[in-house]
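In the numbering used here, the protein residues as written are 1 to 156.
The structure is reproduced here in C-alpha cells:
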C-alpha cells in the first residue's frame with residue numbers, strides 16, 4: 001500500500017508541476033496567416049512597422065514592395081493588419097498572390113500598442129524597440145520616407 005501511495009504522490013507532483021509550467025507559458029499575442037504564433041515580447045529590441053491595409057485600397061498595394069524591402073533590414077519587423085478582417089484562407093491567398101514577405105496577421109494587434117482606431121488607409125505606425133508609438137504615417141509611403149522617419153525616430 002505504501003508503495004502505491006509513494007507512486008501516486010510522485011504522479012501528483014508531476015501533474016501539478018506540468019500544470020504550473022503550462023500556465024506560466026505565455027500565450028501568443030496573435031497569429032500570422034499561416035498560424036504561426038506572434039509574441040510581441042520577442043519583437044522587443046526591433047523597430048516595428050505596423051501597417052494597416054485593405055484589399056480595396058489601391059495605395060495599399062503600392063506599399064507592398066517597399067514593406068517587403070524594409071522587413072529584410074536588420075532590427076525592423078513589418079506586421080500587416082487587414083482592415084477588412086478577411087478570413088485566414090483569403091489572407092493566405094492574398095499573401096501568396098501578392099508576394100508579401102512580411103508578417104501578415106489574422107487579428108489586430110493595435111490595441112496592444114495603444115492604437116484605438118484607424119481612420120484612413122494605408123497607415124503605418126512606427127513603434128520603437130521599447131514598444132512605444134513614435135509616429136503614424138498616413139497614405140502610401142516610399143522607402144526613402146520610411147527610412148528617414150526611422151532615422152529621425154532613433155534620435156528621440
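Ideal Cβ placement from N, Cα and C applies to all residues, glycine included.
Residue i: first and last residue of the uninterrupted beta strand (DSSP E) it sits in
i	result
residue 48	47 to 53
residue 111	Taken as a continuous stretch (DSSP letters only), residue 111 belongs to no beta strand (DSSP E), as it is neither H nor E.
residue 103	103 to 105
Pair within 8 angstroms by beta-carbon distance, residue i and residue j
i	j	result
residue 76	residue 49	yes
residue 146	residue 70	yes
residue 82	residue 53	yes
residue 107	residue 47	no
residue 80	residue 105	yes
residue 59	residue 139	yes
Expected contact under 8 angstroms - CB spacing of residue i and residue j to nearest Å
i	j	result
residue 103	residue 123	Not really, about 17 angstroms apart at Cβ, beyond 8 angstroms.
residue 134	residue 156	6 angstroms
residue 68	residue 100	7 angstroms
residue 95	residue 33	6 angstroms
Residue i (DSSP reduced to helix, strand or coil)
i	result
residue 78	strand
residue 10	Any reading at residue 10 must be qualified, since the residue scores a pLDDT of 46, below 50, and its modelled position is unreliable; the value itself is stated next. Three-state DSSP puts residue 10 in a helix.
residue 64	helix
residue 22	With a pLDDT of 43 at residue 22, under the threshold of 50, the modelled position of this residue cannot be trusted; read the value that follows with caution. If DSSP states are grouped into helix, strand and coil, residue 22 belongs with the helices.
residue 123	strand
residue 85	coil
residue 132	coil
residue 100	coil
residue 38	strand
Limits of the alpha helix (DSSP H) - the one that residue i falls within
i	result
residue 96	88 to 97
residue 162	Look at the range of the chain in this structure, 1 to 156, and you will see that residue 162 is not part of it.
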